[in-house]
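K.L.:
After the structure tokens below, expect a handful of questions from me.
Structure below.
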């Protein structure tokens, strides 16, 4: 069953919390405004900080369909918006030729360039009416595309419409709820940013990360959960190629639960670092005495 949009910032916080997403008030505020103002929301931040999860949580909480466009280098209109069913069009032309109906070229052209032969991709699907209300459109990792694709998105974001030369302009009766994410591997153009509300999703502090861990990995013992969060908070301060995100914190905690761990020790941490760090150079830098040093620091802080 679809759920009404939240009527306040507190209601937005509660909506996210009910789905196990622990947000800070600044994120809840900009999300509430995006929903009320019907503006796209651009979320930037390091990988693994929960940007994509917001769209998934909104979809589940509001009972709206989630339509996801996963961006990548070389993404084009045929993959993102639409393409024509060329095989079906050729078959229609051959059948018309076989039936001697090629004389009426205008009618044949109108038929083969009708919606019957249109293959709808995520952006076009998001403009169609959906049961339960406007869908959630997730444009994920926009920074992986090029500026030409960004330029095309301006029409979609500003007017909730796309133009197909053979058919004309297709406009949404109700604009989709648009969430864009970027890991900031390159700068997003100002023209696109101006059409969106913006929020930077950073690493959470220890209190919120512990709350996230309890919500998403409730099977972790209390002592272990606190040590995991403290260790992750400490390791993020080290010189790493890629600091672990919240996703890695949850993965590591889940791995430790599978090993029936109740507390951290140097050997256990060293053996499971692959669940937390994703680059060999980072793992090597943390092995041995460094792990023990960080663990001693974590335990000293806990005693204090």
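In my numbering, the protein residues as written are 1 to 304.
Cβ atoms here follow ideal geometry from the backbone N, Cα and C, with glycine treated the same way.
What you are looking at is a predicted structure, and each value in this text was computed from that prediction instead of being measured.
1) What's the C-alpha gap between residue 29 and residue 43?
2) Could you give the residue range of the beta strand (DSSP E) that holds residue 83?
3) By DSSP's criteria, residue 283 is part of a beta bridge. Which residues make up the other side?
4) For the stretch 54-71 and the stretch 235-244, state whether three or more C-beta atom pairs, one from each stretch, are separated by less than 8 Å.
5) Under 8 Å, do residue 263 and residue 287 count as touching if we go by C-beta distance?
6) If we ignore side chains and look at the alpha-carbon of each, how far apart do residue 6 and residue 188 end up?
7) Please classify residue 204 as buried or exposed, where buried requires at least 16 other C-beta atoms within 10 Å of its C-beta.
8) Which residues in the same chain have their Cβ closer than 6 Å to the Cβ of residue 160, if we skip the five residues on either side of it in sequence?
9) Hey, is the stretch 205-225 in contact with the stretch 66-86, meaning 3+ C-beta pairs nearer than 8 Å?
10) Three Cβ pairs or more, each shorter than 8 Å: is that satisfied between the stretch 280-299 and the stretch 239-251?
11) DSSP three-state call for residue 139: helix, strand or coil?
12) Could you check the C-alpha separation between residue 149 and residue 114 for me, to the nearest Å?
13) According to the neighbour-count rule (16 or more other Cβ atoms, all chains shown, within 10 Å of its Cβ), is residue 21 buried or exposed?
14) Less than 7 Å between the CB of residue 47 and some heavy atom of the ligand PLP, yes or no?
15) First and last residue of the alpha helix (DSSP H) that includes residue 327?
16) I'd like to know whether the C-beta atoms of residue 108 and residue 98 end up nearer to each other than 8 Å.
17) In terms of residues, what are the limits of the beta strand (DSSP E) holding residue 171?
18) Below 8 Å on the Cβ atoms is my guess for residue 179 versus residue 55; work out the distance and round it to an integer in Å.
19) Compare the Cα-Cα distances from residue 14 to each of 118, 224, 58 and report the closest residue.
20) At which residues does the beta strand (DSSP E) containing residue 68 begin and terminate?
21) Pick from 34, 129, 91: whose alpha carbon is nearest that of residue 67?
22) What residue from 9, 121, 140 has the CA that sits closest to residue 164's CA?
23) Is the beta carbon of residue 138 less than 8 Å from the beta carbon of residue 272?
24) Going by C-alpha distance, which of 259, 196, 251 is nearest residue 35?
25) By the DSSP assignment, the beta strand (DSSP E) with residue 174 in it spans what residues?
P.N.:
Taking the structure as given:
1) 13 Å
2) 82-84
3) Note: residue 283 sits in no beta bridge, so no partner.
4) no
5) no
6) 29 Å
7) buried
8) 172, 175
9) no
10) yes
11) strand
12) 25 Å
13) buried
14) Judged by which ligands are present, the structure shown has none, so any question about the ligand PLP falls away.
15) Look at the range of the chain in this structure, 1 to 304, and you will see that residue 327 is not part of it.
16) no
17) 168-171
18) 4 Å
19) 58
20) 66-70
21) 129
22) 121
23) no
24) 196
25) Residue 174 -> no beta strand (DSSP E), and no H or E assigned at all.
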